[in-house]
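Peer 1: Got a structure for you, questions after.
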Amino acid sequence: MAQVPDGFSFAGDPELADLFQVFLDQVHRRFDQIAAMIAQLAAMPDDRPALKQLSHHFHGLAGSGSSFGFPNVSQLGQSGDQTCLRRLETGTPPDAADLATWRRLLTELHAAVPADRTMTVASQSPHPEAAAAAMR
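Pasting the structure below:
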């Protein structure tokens, strides 16, 4: 079973526990989408919609990770999003260095979130409102 991150628990709040489970499921789906967009951009660097989707998925991680006790996920997501946004703003396709950065970030993201999507639950979350808002 995956352990809830330190400082993040639910004090018998089944709704918050459910939100955390949804977060775990969604974050792993985002990882899959990020991998697919990286592969797409490696094959077709000029695929602007794929770059926008990659930015969207990194941005989603940046916004939700800390709310669920994974600040490293937020930091990694923000880093990936910023790299995408720079390419979108300049209109230049990603290069080999960008692809390598995104692959490294994805590896670090996988390491930051438990692969086991079941969890153990303890006491009260320090920020239950933030966690609930992050899932909206």
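3 is the number of the first residue of the sequence shown in this note's numbering; add one for each residue after it.
Quick reminder that beta carbons are idealized off the backbone N, C-alpha and C, glycines included.
Ordered along the chain, which non-local residues of its own chain (more than five positions away) have a Cβ less than 7 Å from that of A44?
Peer 2: The residue given as residue 44 occupies position 42 in the sequence shown. Counting only Cβ-Cβ distances below 7 Å, and skipping sequence neighbours, we find L101.
Peer 1: Mind reading off the beta-carbon distance from G79 to A98? Whole number of angstroms is fine, and I expect it under 8 Å.
Peer 2: Position 77 of the sequence shown holds residue 79. Position 96 of the sequence shown holds residue 98. The Cβ separation is near 22 Å, so there is no contact.
Peer 1: Measure the alpha-carbon distance for A114 versus Q77 and round it to whole angstroms.
Peer 2: For the purposes of this step, residue 114 is identified with residue 112 of the sequence shown, where counting begins at 1. For the purposes of this step, residue 77 is identified with residue 75 of the sequence shown, where counting begins at 1. Spanning the two alpha carbons is a distance of roughly 11 Å.
Peer 1: In this structure, does DSSP put L21 in helix, strand or coil?
Peer 2: Here residue 21 is taken as the residue at index 19 of the sequence shown, counted from 1. Note: L21 maps to helix in three-state DSSP.
Peer 1: Can we say the stretch 29-37 touches the stretch 83-96, given the rule of at least three CB pairs closer than 8 Å?
Peer 2: The answer is no - the stretch 83-96 does not touch the stretch 29-37, with fewer than three Cβ pairs under 8 Å.
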